[in-house]
Amino acid sequence: MADTIGNFGLLRSHHCAELRAEHVGSKVTLCGWVNKYRDLGGLHFIDIRDKHGLTQLSFEEFKGDFSILKKCSLESVILARGVVRERPENARNNKMDTGAVELLVSELEVLSQCDIDAIPFLPMGPIDASEVLRLKYRYLDLRRPHLQKILQLRSTTALRAREILINEGFIEVETPILYKSTPEGARDYVVPSRVHPGHVYALPQSPQTLKQLLMIGGTDKYFQICRCFRDEDLRADRQPEFTQIDIEVSFPTQEYIKSLVEKMLIRLFDLEANFKMTMMSYDEVVKLYGSDKPDVRYGLKQMIVTDLFTDSEFGVFANPAKNNGMIKAMFIPASMGTLARKDLDGLTDIVKPHGGKGVAFFKVEKGELTGGVSKFISKEILRELESRSTEGKGDGIWLFNADTDHDVVHASADAVRRFLARKLELIKEGYAFLWVYDFPLLEWDKENNRFAARHHPFTSPKKDQYEKFLKGQKEDLMNMPAEAYDIVCNGYEIGGGSLRIYRNDVQDQMFKILGMTPEDTKRQFGFFIDALKFGTPPHGGLAFGFDRIIMLLAKTDSISDVIAFPKTTSATDLMSQAPSEPSDAQLKELHFKWDR
RNA sequence: GGGGGCGUAGUUGAGUUGGUUACAACAUCGCCCUGUCACGGCGAAGGUCGACGGUUCGAGCCCGUUCGCUCCCGCCA
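In terms of my numbering, the first sequence is residues 54 to 649.
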């Protein structure tokens, strides 16, 4: 470790988790918060706390005015000076790092008294305050060691990412926060311009075009740990502003990107040096899991069994089987646990939000079919199901999702799978990474009767698809694979990217397919289309969701735990009360009219 | 935009079919206590049951509206 300034020039000589037996006899100064005050009559103790830990202050030989202890209300900031001494043999605390010693206080100063009658909650101890109070008084919540540890983790992880990337020849470049509105994609946060009445900047949803322009500018290998902004509704893992590790490289193949990602994952998640991601195509992963971001730490794989039920007497199966629908089956071996009738009926509620009408089931008990839809299942069909099963056979429960809409079947099967994993406690510790490739380039937007970019409009079709792409036949475009990939960990999409379009004619065609007129394209992306004309290296990259990575490392399922000052699910900041109404003076200066 | 859950002393929770003075822990205040460290003991104070309206002899509990937090669907190129 290189020399540091350490505590030189600070009011304190040590932090609150530092003192050990070796310090006995030395004169030290500690600063921190009053964590606990214990008055045993003739004997007084204060536990002084900072983010590092606790030290016990003893007042056994305190010569000053004891009335000062009255001012040491909980959460006050105090300074204590004295000599470190070994605790009596019978008074040591093994549960504390500093439990072998205590500070024999000779001088005590209350630097800032806490108004204990007004404090909304105490950050120490086992009781957590409600979400509302925690966010309104976030600085109190941040005093909790748990949140301080996460901030530390965040900082360390960012440093590790930078180390890897810089070591691989990348440079970090800052791109503008005040940028141009892009109506494609998510809603923009918009910032009015005072100098240009009636004009607005937009905060970037991602630095996508900028990093591609850096490649065109010859930057070669770029990264940035950057903030992105999206004005969409929130979720447990989604905030209106979030952080990405944004990466772009010139002349890559997918193999390069994947190797780089593996190298980073090894460092960020402390994996084995020879770690390789499991690879799965988009089609494959959806077929097996019903989702493009499955948690693969447990099984419950699904199989498509539509063909077994074309002659079924059971309408729920026969209807999709005869009308291009889909039936998916999932087997829960008896060894995995069992489900009560109540749980099986409850599955209806699980699939409902996804458009599913219910979940059909039957049981196999001692080789006999019972319950649910068993009377529609012949021994032959069971034999066929078992021969296709990857999850075992014999006694257990078979579940079925059937619908004429394939998306409903996949989404329902995924929801059931995730529910069962929790219910049957199948989820193991650790991380399971997946590299999902060959995403479709486009998806058909039924409502607006047009194509939308599955990833974004700069994603390249697979090389062998260029000819068909430029022809632009709808049936060719429908399932066209793209040079796009996602990194999935434990059910979270922690990153995604693509090789980009670097040909002007291909990019033009993409905008055309997305239903944009040449005028739209020119107005929104004219600068970018132009740039593609003047010598563009093939390039590609990806972005990691930094907050989600920290969530996984911190083992929390709430994104607000990993952000110092998070917003609520209605995108407000309870602490500062943002957003707030602009003042009349601001509106006037910005030439904005406002309906109050 | 749609659906579910939650809202009770400063804080976290309990509160039965709608029925007397809404209960506990931590925090606060007072008294006692020389080795505690989740200190202990005795006592005190602390409530618009999120807000508004309704049903009822009577509402923390039932109904409606609304606000806030939260989870999900849509959305998130």
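Every residue, glycine too, gets a C-beta built ideally from N, C-alpha and C.
Candidates the options: which alpha carbon is nearest residue i's?
i: residue 536; options: 549, 527, 529, 603; result: 549
i: residue 385; options: 138, 467, 353, 326; result: 353
i: residue 543; options: 143, 98, 344; result: 344
i: residue 506; options: 237, 420, 261; result: 237
i: residue 152; options: 136, 526, 109; result: 109
i: residue 587; options: 170, 636, 271; result: 271
i: residue 427; options: 379, 370, 573; result: 370
i: residue 436; options: 358, 610, 210; result: 358
i: residue 305; options: 595, 615, 404; result: 595
i: residue 118; options: 560, 232, 103, 97; result: 97
i: residue 590; options: 500, 425, 265; result: 265
i: residue 501; options: 521, 547, 567, 509; result: 567
Less than 8 Å between the C-beta atoms of residue i and residue j, yes or no?
i: residue 315; j: residue 330; result: yes
i: residue 188; j: residue 621; result: yes
i: residue 423; j: residue 432; result: no
i: residue 454; j: residue 412; result: yes
i: residue 598; j: residue 201; result: no
i: residue 81; j: residue 125; result: no
i: residue 584; j: residue 300; result: no
i: residue 230; j: residue 317; result: no
i: residue 632; j: residue 292; result: no
i: residue 133; j: residue 158; result: yes
i: residue 414; j: residue 451; result: yes
i: residue 666; j: residue 156; result: In the structure as shown, the chain starts at 54 and stops at 649, and residue 666 therefore has no counterpart that could be examined.
i: residue 167; j: residue 127; result: yes
i: residue 145; j: residue 77; result: no
i: residue 545; j: residue 601; result: yes
i: residue 448; j: residue 387; result: yes
Pull the bridge partners of residue i from the DSSP assignment, please.
i: residue 497; result: 504
i: residue 454; result: 381
i: residue 512; result: 553
i: residue 488; result: 332, 540
i: residue 597; result: 298, 548
i: residue 165; result: 130
i: residue 469; result: Residue 469 pairs with nothing; no bridge assigned.
i: residue 138; result: 155
i: residue 631; result: 626
i: residue 592; result: 303
i: residue 535; result: 514
i: residue 245; result: 253
Roughly how many angstroms separate the alpha carbons of residue i and residue j, rounded to a whole number?
i: residue 207; j: residue 199; result: 13 Å
i: residue 530; j: residue 577; result: 24 Å
i: residue 226; j: residue 273; result: 12 Å
i: residue 311; j: residue 605; result: 20 Å
i: residue 283; j: residue 440; result: 47 Å
i: residue 177; j: residue 234; result: 45 Å
i: residue 592; j: residue 214; result: 21 Å
i: residue 489; j: residue 350; result: 16 Å
i: residue 346; j: residue 485; result: 11 Å
i: residue 60; j: residue 84; result: 12 Å
i: residue 512; j: residue 278; result: 21 Å
i: residue 641; j: residue 244; result: 15 Å
i: residue 261; j: residue 240; result: 15 Å
i: residue 322; j: residue 348; result: 17 Å
i: residue 90; j: residue 113; result: 14 Å
i: residue 328; j: residue 629; result: 44 Å
i: residue 336; j: residue 493; result: 9 Å
i: residue 639; j: residue 648; result: 14 Å
i: residue 611; j: residue 464; result: 22 Å
i: residue 373; j: residue 456; result: 5 Å
i: residue 420; j: residue 362; result: 21 Å
i: residue 54; j: residue 224; result: Confidence is the limiting factor: at residue 54 the pLDDT is only 49, short of 50, which leaves the residue's position unreliable, though a coordinate-based value still follows. Spanning the two alpha carbons is a distance of roughly 25 Å.
i: residue 444; j: residue 338; result: 16 Å
i: residue 575; j: residue 559; result: 15 Å
i: residue 516; j: residue 579; result: 25 Å
i: residue 645; j: residue 251; result: 7 Å
i: residue 88; j: residue 71; result: 16 Å
i: residue 525; j: residue 403; result: 39 Å
| field | Minimum length 3: unbroken beta strand (DSSP E) runs contained in the region 253-313 | value | Here the runs fully enclosed are 253-255, 274-282, 294-303.
| task | List in chain order: all unbroken beta strand (DSSP E) runs of 3+ residues lying wholly within the region 72-115. | result | Correct list: 80-92, 97-103, 106-111.
| query | Taking only runs of the alpha helix (DSSP H) that begin and end inside the region 540-588, which ones reach a length of at least 4 residues, in chain order? | reply | Listed in chain order, they are 557-566, 571-585.
| field | Every unbroken beta strand (DSSP E) within the region 361-427, with a cutoff of 3 residues, ordered by chain | value | Within the region 361-427, the complete beta strand (DSSP E) segments at least 3 residues long are 379-386, 413-418, 421-423, listed from N- to C-terminus.
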